[in-house]
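Quick notes on the structure that follows.
Residue numbers (the working numbering): 257 to 584.
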């Protein structure tokens, strides 16, 4: 009878001992992973960070950014964070607890950095460094969010609240749109500059072949020389004209700007009419030497030189219109 009672006692005691041992292990685990002493020391830090996170609600009102006010507020916030950081640095922890402290220090450093970068964005919204600052801002913001996740794994409930998230997300979106607009403006500016440069190159080429050949023709007639050199010069001018035409086909026209390009095409057409008509007139004079065709030849020359006047007028209009576009 006593033996049976002893067996019953063993069956009861062994589970109780296992339960006691498990409870002891849990207590030891909790104490080692987050010692009560450390938690007690860091509680003021937690409270200050939470309080800091609750200060972003009024920075943006009705989707309006008051840059000077925000920059001033962020500067004050960084003073607050630096004070918290100094307090945290003064807290001594064991090697087992250093990771928790370092994560909190990282949190404070990321918060300080994101505030500085936010201020830099607001100060340099028209700067060439805007894109690099924005990229650094986005990178730091992601590091900050990841840090809050890592603190959560230590059972530290700091919560980067919605007010703070809304503020930094708004800044992120605002400058993302601004950079996109700047990029579009840069593209338009580059396109405009290239367009102006290409048209100026065409105008420069026209200047090289812009010549009233009537005096040269009269001099050849007076000296009774042949037209061979003049014909060669005309062919060279036609070759330059073809180069201008080919360049004009490759010009990208900025949106809404067709007037100067149309004037370029008109100038090309008028010069082509002038130089081709003049070439035909010279060939006719070489072919028909008798006086019966003299009036026809003179009429041909008259038509050719009138086309030269049309060319000159269009070239002048082209310069004026391009200058107007350049000043827009």
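Each residue gets a CB set at the ideal place from its N, CA and C atoms; glycine is no exception.
Rounded straight-line distance, which links the Cα of residue j to that of residue i
i: residue 314; j: residue 444; result: 37 Å
i: residue 376; j: residue 442; result: 21 Å
i: residue 339; j: residue 436; result: 38 Å
i: residue 581; j: residue 420; result: 46 Å
i: residue 320; j: residue 427; result: 11 Å
i: residue 362; j: residue 326; result: 23 Å
i: residue 564; j: residue 386; result: 52 Å
i: residue 299; j: residue 344; result: 11 Å
i: residue 509; j: residue 447; result: 8 Å
i: residue 483; j: residue 506; result: 35 Å
i: residue 560; j: residue 528; result: 10 Å
i: residue 358; j: residue 440; result: 43 Å
i: residue 384; j: residue 406; result: 35 Å
i: residue 584; j: residue 521; result: 22 Å
i: residue 516; j: residue 478; result: 41 Å
i: residue 396; j: residue 438; result: 23 Å
i: residue 350; j: residue 394; result: 34 Å
i: residue 333; j: residue 453; result: 50 Å
i: residue 301; j: residue 404; result: 14 Å
i: residue 425; j: residue 398; result: 11 Å
i: residue 286; j: residue 329; result: A caution first: residue 286 carries a pLDDT of 49, below 50, which makes its placement in the model too unreliable to give a value.
i: residue 648; j: residue 557; result: Since the first residue of the chain shown is 257 and the last is 584, residue 648 is not available in this structure.
i: residue 408; j: residue 347; result: 21 Å
i: residue 469; j: residue 562; result: 12 Å
i: residue 356; j: residue 331; result: 27 Å
i: residue 579; j: residue 493; result: 26 Å
i: residue 573; j: residue 480; result: 38 Å
i: residue 382; j: residue 495; result: 47 Å
i: residue 568; j: residue 485; result: 24 Å
i: residue 512; j: residue 499; result: 26 Å
i: residue 402; j: residue 575; result: 59 Å
i: residue 555; j: residue 489; result: 22 Å
Which listed residue (the options) has its alpha carbon closest to that of residue i
i: residue 456; options: 328, 298, 577, 584; result: 577
i: residue 297; options: 583, 401, 360; result: 360
i: residue 336; options: 492, 365, 496; result: 365
i: residue 534; options: 324, 478, 491; result: 491
i: residue 466; options: 526, 422, 516; result: 526
i: residue 417; options: 514, 539, 350, 312; result: 312
i: residue 450; options: 573, 485, 503, 566; result: 503
i: residue 423; options: 538, 310, 566; result: 310
i: residue 536; options: 356, 316, 382, 487; result: 487
Own chain residues within Cβ distance below 7 Å of residue i, not counting five before or after
i: residue 389; result: 373, 376, 377, 380
i: residue 323; result: 378
i: residue 400; result: 366, 367, 370
i: residue 501; result: 524
i: residue 316; result: 423, 426
i: residue 566; result: 526
Contacts around residue i, its chain only, beta-carbon distance under 6 Å, and the 5 residues preceding and following it disregarded
i: residue 475; result: none
i: residue 341; result: 364
For residue i, the residue or residues it bridges with in DSSP
i: residue 555; result: Paired residues: none, contrary to the question.
i: residue 637; result: The question about residue 637 has no answer here: the residues shown for the chain are numbered 257 through 584.
Beta-carbon proximity list for residue i, same chain, < 8 Å, skipping 5 on both sides
i: residue 392; result: 373
i: residue 570; result: 519, 522, 523, 526
i: residue 553; result: 537, 540, 541, 544
i: residue 497; result: 465, 524, 527, 528, 531
*Would you call the segment 409-425 and the segment 296-312 touching, i.e. three or more CB-CB distances under 8 Å?*
yes
*For the segment 447-463 against the segment 422-431, are there 3 or more C-beta pairs whose distance is under 8 Å?*
Using a C-beta cut-off of 8 Å, the segment 447-463 makes no contact with the segment 422-431, since fewer than three inter-stretch Cβ pairs fall below that distance.
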